[in-house]
Amino acid sequence: SATALNSEGFKLLDIRPQWEREKAYVKGSLHVPLFVKDMDNSPITLLKKWVHFGYIGLWTGQNFTMINPNFVQEVEATLTDEDAKLLVACGEGLRSMMATSKLYEGGYKNLGWLT
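Going by UniProt numbering, the first residue of the sequence shown is number 1, and it counts up by one from there.
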């Protein structure tokens with residue numbers, strides 16, 4: 001799939017969190033996560049985590065995420081050419097659609113996303 005992307009001039013941008021990317025990824029793809037692990041352990045955040053995952057979520061170590069506040073800036077640092085062709089991918093398509101919207105607002109126009 002990387003060869004097909006390169007022949008059309010696209011770069012694949014994987015926006016999944018690092019722990020998802022570690023399971024499988026396309027060689028040569030770029031990586032900037034749209035969501036990052038929420039490391040805040042304030043009482044309010046811990047309550048949100050408990051409600052979100054239920055009691056068992058605290059014991060199984062499920063990740064609680066927040067949107068990466070520096071997503072567009074990190075993409076700019078990784079790929080400085082706003083005219084580059086980017087194909088944005090995640091696991092199921094919803095996050096890549098959100099990321100594509102953010103990138104479009106940030107000045108990138110040659111975008112596509114995988115669903």
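Glycine included, every Cβ here is placed at the ideal spot set by N, Cα and C.
Since we're looking at a predicted model, the values are computed, not measured.
For Ala99, count neighbouring C-beta atoms within 10 Å of its own C-beta (all shown protein chains included) and say buried if the count is 16 or more, exposed if not.
buried
Best match in Arg21, Arg16, Lys27 and Ser42 for proximity to Phe35 [C-alpha to C-alpha]:
Arg16
Is it the case that the Cβ atoms of Ser96 and Val88 are separated by a distance below 7 Å?
yes
Please classify Glu113 as buried or exposed, where buried requires at least 16 other C-beta atoms within 10 Å of its C-beta.
Note on residue identity: the sequence assigns Trp, not Glu, to residue 113. Result: buried.
Length at least 4, wholly inside the UniProt domain "Rhodanese" (6-110): the alpha helix (DSSP H) runs in chain order:
18-21, 43-60, 71-78 and 94-105
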